[in-house]
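Here you go:
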């Protein structure tokens, strides 16, 4: 669903708010309906009591006085008359409300009283419905006619209707429900944040694990399921740190074991009398030593323990440019950055050196293009070389891969520089990608986050 929030917090809040709003609307409808029905019924009972009081008063008066008293009580919403003919329609007491209305009249006037209660059609709103409850379909209040015989046989007819409830009570009820809804929403937001907070901590820890495998363990707090996930994550981090530390120790031992025989072979090579043979041995031994060194650097970068510092990237790039100029190699700088990076200086220098060396090796010169965004720095190392086939751009980061067909050690290296550079970039929370330039050559794009 496109409109649904992406975060767990947003989705839980959306579900809770939707449920709360629907439940409050249903509660408002039910309360309003029952309230109106009760008010109508209470109004009907009061009207029944008023009719019975008028009947008792008229019974106690002589005929000459009755019309004067009737004129006093003949006021809306109750119309009283003494000259109406008998009602043709019989009373219908199947409806519970009319039955209760008639029962109140009989209770006050006596069980022998003959009472006719007939519902009238409410013309302004359509045909009425029986009962003193609120009208369905938007009809008005119940309208009816009551006819009661006096002791001398005179028929007193009452035409009336039950008035609707006052609207201010409805507004008060809506305001009460709104306050309740707002309170529950606030409590729900706090509860959802309390539940999802540890999950956000776990997600942040997973994202930053590649930057520092030895980072402190995350707190094992929150609901039982989140605590279990946090414990599993901490255990996984410990296993990974132990595995990488063990690998580092193995690599250190390999470095010592490999360099020792190389050193002995170099001493024996110096004793050779044939100069041509001695130069070939020296070249092969130097190549072996360089291969061992670069391989160990490639394997060691992920477990590098160099501390993170605030690094002035502009100063580092200008220092590299000066070093290459001393070696009579052209390196140009375009753009500037002003904010520092949170980086390991030695590792970052190795990363940039590998990229510039690769550009000079294939394109004779290198251009470092710097750009700065709100939360990151983009550094592009450009060359004028032949580029790399599109299908092999990602393979260029694999160990010992060289795109050059000749596979010459002098020009192609050992195929480890780009892999080392990418490992360093990812260890800093960044990324390194390759792309062929439309005008020719290769662009190595290094993206790094700003210092916090």
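In our numbering, the protein residues as written are 26 to 477.
All C-beta atoms, glycine included, are put in the ideal place defined by N, C-alpha and C.
Please read these numbers as outputs of a predicted model, since none were measured by experiment.
Assigned secondary structure, residue i (DSSP; H/G/I helix, E/B strand, else coil)
i, result
"residue 460", "strand"
"residue 174", "strand"
"residue 335", "strand"
"residue 184", "strand"
"residue 393", "strand"
"residue 278", "helix"
"residue 367", "strand"
"residue 77", "helix"
"residue 152", "In this prediction, residue 152 scores a pLDDT of 36, lower than 50, which makes its location untrustworthy; the coordinate-derived value is nonetheless stated afterwards. Three-state result, residue 152: coil."
"residue 202", "helix"
"residue 39", "helix"
Per-residue burial, residue i [other beta carbons within 10 Å of its own, 16 or more giving buried]
i, result
"residue 208", "exposed"
"residue 239", "exposed"
"residue 447", "buried"
"residue 434", "For residue 434, the predicted model reports a pLDDT of 47, less than 50, meaning its position is unreliable and no value from the coordinates is stated."
"residue 442", "buried"
"residue 469", "buried"
"residue 211", "exposed"
"residue 54", "exposed"
"residue 185", "buried"
"residue 267", "exposed"
"residue 352", "exposed"
"residue 449", "buried"
"residue 373", "buried"
"residue 148", "Because residue 148 carries a pLDDT of 41, less than 50, the predicted location of this residue cannot be relied on, and no value is offered for it."
Segment limits, alpha helix (DSSP H) that includes residue i
i, result
"residue 382", "370-388"
"residue 91", "88-98"
"residue 344", "338-351"
"residue 451", "442-452"
Boundaries of the beta strand (DSSP E) in which residue i is found, first to last residue
i, result
"residue 359", "355-359"
"residue 403", "401-407"
"residue 468", "467-474"
"residue 104", "104-106"
Contacts around residue i, its chain only, beta-carbon distance under 8 Å, and the 5 residues preceding and following it disregarded
i, result
"residue 109", "172, 180, 182"
"residue 92", "107"
"residue 287", "310, 313, 314, 317"
"residue 134", "77, 80, 81, 140, 173"
"residue 461", "412, 413, 415, 418, 467, 468"
"residue 343", "358"
"residue 227", "243, 251, 254, 255, 258"
Chain-order list of residues whose beta-carbon lies under 6 Å from that of residue i (same chain, five-residue window excluded)
i, result
"residue 318", "none"
"residue 380", "406, 446, 469"
"residue 390", "355"
"residue 422", "443, 444, 447"
"residue 41", "213"
"residue 88", "none"
"residue 383", "442"
Neighbour flag for residue i against chain C, beta carbons, 8 Å
i, result
"residue 85", "Going by chain labels, chain C is absent from the structure shown, which holds only one protein chain."
Sequence-distant residues of its chain with Cβ nearer than 7 Å to residue i (five each side left out)
i, result
"residue 472", "401, 403, 455, 456"
"residue 346", "356, 358"
"residue 466", "388, 407, 408, 409, 410, 412"
"residue 333", "367, 368, 369"
"residue 360", "394, 395, 396"
"residue 475", "364, 366, 400, 401, 402"
"residue 83", "91, 94, 175, 181"
Cβ pair count under 8 Å reaching 3, the segment 197-209 against the segment 102-109:
Counting C-beta pairs closer than 8 Å gives fewer than three between the segment 197-209 and the segment 102-109, which falls short of the contact rule.
Across the segment 254-263 and the segment 278-291, are there enough close Cβ pairs to call them in contact, namely three or more that are closer than 8 Å?
With the cut-off at 8 Å, the segment 254-263 and the segment 278-291 do not touch.
Check whether the segment 404-419 touches the segment 367-375, counting contact only when three or more Cβ pairs, one atom from each stretch, lie closer than 8 Å.
Counting C-beta pairs with one atom in each stretch, the segment 404-419 and the segment 367-375 have fewer than three that are closer than 8 Å, which means they do not touch.
If you pair each beta-carbon of the segment 222-232 with each one of the segment 240-260, do three or more pairs fall below 8 Å?
Yes, since at least three Cβ pairs between the segment 222-232 and the segment 240-260 fall closer than 8 Å, the two stretches touch.
Touch check for the segment 412-419 and the segment 391-402: three-plus C-beta pairs under 8 Å?
The segment 412-419 is not in contact with the segment 391-402.
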